[in-house]
Amino acid sequence: MTTTPLLQIENLQVEFATRGGAVHAVDGVNLTIEPGQTLGLVGESGSGKSVTARAIMRLVPTPPGRYAGGRILFEGKDLLGLSDGEMQSLRGGQISMVFQDPMTFLNPVFTAGEQVAEAIRAHQGASKGEARAKTIELFRTVGIPNAEERFSAYPHELSGGLRQRVMISMALSSRPKLLIADEPTTALDVTIQAQILDLLRHLQDEFGMSILLITHDLGVVAEMCDKVAVMYAGQIVEEASIEPIFDAPAHPYTSGLLEAIPSTSNDGAQFRPIPGAPPDLARLPQGCRFAPRCRYRQAICQTTPPPRVAVSPAHSARCHFAGDFKKNEPEPAIAGRTS
Amino acid sequence: MARLIITRLLTMIPLMFIVASVVFLMLRFVPGDPARIIVGNQRITEENLQNIRVQYRLDKPVLVQYGYWVKDLAQGDLGRSFRQRADVNTLILERLNVTAQLVISSFLLSMIISIPLGIISALRRNTWVDFSATIFSLIGASSPVYFTGIILILLFSYKLNWLPALGEGDGGWDTVKHLALPSLALGFSLACVTTRLTRSAMIEALSQDYIETARSKGLSARTVVMKHAFRNAMIPIVTVAGLQFGALVVGTVLIEYTFGIGGLGSLIVQAVQVRDYPIVQGATIFIAAIFILVNLIVDILYAVIDPRIRY
Ligand SMILES: Nc1ncnc2c1ncn2[C@@H]1O[C@H](COP(=O)(O)OP(=O)(O)OP(=O)(O)O)[C@@H](O)[C@H]1O
Ligand SMILES: [Mg+2]
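Protein chains in written order, with the numbering used here: chain A, 18 to 356; chain B, 10 to 320.
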């Protein structure tokens, strides 16, 4: 493949100044998204997924945040080097974002239609009437029934599923090349979740955009994504296409996440959450960040940070024993001690 | 909404009646013979005094007086002043104009100062701008209006001789000049509270999730702040502005006294001093009406600003 990737994040560092010292929320993240591709970003709460997403939009609040290093190349241009004005026209134009909770992320005092039309006017210089017509058309595209009436509905008058459809129509209004969806279904009912994911997939086919899909749910990843990156304590610990990661996870953390899925097929008997909690991002362990919770850890894990190891051309993991950690004797005591 | 307005206006009538009745009865229990006060220091025979009592129905039992008063009130007649030879209605309307000008200009001045200052403080949190605004607010909140008034008189009238210190002027530009200092004194004391409130309401609004959505749409910083955040911050601001408008009506009493302005405030103060009951009663009804109307306007504004509120 010789095409330039749509988005290429290189060694991104984002810190937050806190009373307890600098929190390295994103610490050396590398990610690549090709045009039309869907990349899943998974990891426990607090691992830095949302901060990574906000960094791409350059919406990390600074201060207390700081882009401490690295590059975010969008079609080859470094977003961190753009002027505020250039960045503003990319936001909602070529890169847009759908957030977790469509209730709190929509402004309660404006109608759903106004909020979408506003985005259209900002980017396409459309008149009020044109923006309205386009909004209603978008509402139809994202499957909002009675689109015309819904234009003047306020967020509190819509159901959760409809609100998320409004958010999606807003994000798609200027046909972005990259859509960032930060846990777009977490706040919704299970049946609605499936509908929204279906819609995203369908819209991706229609609009041909790339998607960065942030989620806790590996099931969603399996269904939606071409590639997946697993994040832990501010770093990408494993990155691969879907099959290899589900069939043969190269990092113990990914393996742990997979075991933690309460699945009906394996009887629930194997369901085993990862014991312990992620490290404090202001006081990181000296060696591997996952070592304190790792059942397969060895002496080296506690002293030396692991490099990124390629287990195959498109599959890498940050582990001293990437790919064959299972050969190490598991330590059953860890679960009892740390949890 | 129409129902809200109609029911409020209808409940306003009994409400004002109750307020007026309470004031009426309270005044009757104040010691002292109103007839003697009416004649003041003139020497007078007991016979003439009795005539005055009859003329003003002060010879009747309190409940009978009350009955007459209610009957007149129902016809919109607030009675006649004991001391000034005029109807209370006329006296109040004469004075209302200057007080209304004072109240409205103070209110607008307060909003013009405090809202931009509050927004800037919220945006530049913990910078010198914010700290200066905080100090400004603390000074204003802790100095009484008459004190601020006196300081302004000393500075702008005596020292600089830019603006007149006393009176209400005789219309047009002259009135503007005369009301400048009292409005500034009143406006300043209100602005302090509203500045703090605007600041915290804006900080609150700017920390909401929908602000991130607005930014992610590619809106300008100005639109994000002035449209998305401010529209939400207005809800608490309107509440406090309504309360302040009420407080202003009271505040004018002090400021009219300090600046020797012949408005409603000084009318009431004088009337209380000489036990001119009809004026006190009439003015109370007026002020109650203003309070109720301001409350109604605040409630209407709520619904206009926040679509989640429906009556
Ligand atoms: N504004 C901020 N100020 C200080 N620290 C922050 C800020 N935003 C994020 N962080 C820190 O960055 C870390 C990563 O947060 P982030 O929101 O990216 O997690 P996440 O992976 O999205 O988690 P979740 O799954 O719960 O959404 C957290 O430890 C958090 O404390
Ligand atoms: Mg998150």
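All C-beta atoms in this analysis are idealised placements derived from N, C-alpha and C, irrespective of residue type, glycine included.
These numbers were taken from a predicted model, which means no experiment stands behind them.
Within the region 247-258 of chain A, no residue has its Cβ closer than 8 Å to any Cβ of chain B. It is roughly 10 Å from the alpha-carbon of A:His173 to the alpha-carbon of A:Ala129.
DSSP, read as helix, strand or coil, puts A:His337 in coil. At a cut-off of 9 Å between C-beta atoms, B:Glu213 does not count as an interface residue with respect to chain A. Secondary structure of B:Met10 (DSSP, three-state): coil.
At a Cβ-Cβ threshold of 9 Å, A:Ser191 and A:Gln111 count as neighbours. Taking 7 Å as the upper bound on Cβ-Cβ separation, chain B lies near residues Thr121, Phe122, Leu123, Asn124, Pro125, Val126 of the region 121-133 of chain A. Against chain B, the beta carbon of A:Leu76 has neighbours under 8 Å at Glu221, Arg224, Ser225, listed in chain order. Apart from the 5 residues on each side of it in sequence, B:Ile61 sits with its Cβ closer than 7 Å to the Cβ of Ala44, Ile47, Val48 in its chain, given in chain order. Straight across, the Cα-Cα distance linking A:Gln221 with A:Gly53 is about 8 Å.
Measuring C-alpha to C-alpha distances from B:Leu172 to each of B:Leu161, B:Asp179, B:Gly180, B:Gly181 identifies B:Leu161 as the nearest. Within chain A, no C-beta atom comes less than 9 Å from the C-beta of B:Gln279; the nearest is roughly 47 Å away.
Pairing B:Val289 with B:Ala280, the inter-Cα distance amounts to about 6 Å. Contact check for A:Phe156 against A:Arg167 passes: the beta carbons are separated by less than 9 Å. For the pair A:Leu217 and A:Leu230, the CB atoms are nearer than the 9 Å cut-off. The secondary-structure analysis by DSSP pairs A:Ile50 across a beta bridge with A:Leu24. Taking CB atoms only, A:Asp243 has no neighbour in chain B less than 9 Å away. By the Cβ neighbour-count rule, B:Phe38 is exposed, with fewer than 16 other Cβ atoms within 10 Å of its own. Neighbours of B:Gln93 in chain A, taken as residues at a C-beta separation under 9 Å, are lacking, since the least C-beta distance is about 51 Å. Contact between the region 200-218 of chain B and the region 92-109 of chain A is not established, with fewer than three Cβ pairs separated by less than 8 Å. Counted as a single uninterrupted DSSP element, the beta strand (DSSP E) harbouring A:Gln252 occupies residues 252-258. With a threshold of 16 other beta carbon atoms within 10 Å, B:Arg208 meets it and is buried. The CB of B:Pro316 comes closer than 7 Å to the CB of Val126, Tyr171 in chain A, given here in chain order. DSSP places A:Thr152 within a helical segment (H, G or I) once states are collapsed to three. Between A:Ala85 and A:Glu32, the beta carbon gap of about 5 Å places them in contact (Cβ cut-off 8 Å). Residues of chain A whose Cβ lies closer than 9 Å to the Cβ of B:Arg240 are, in chain order, Asn124, Val126, Phe127. Identification of residues in the region 23-50 of chain A having a C-beta nearer than 9 Å to some C-beta of chain B yields an empty set.
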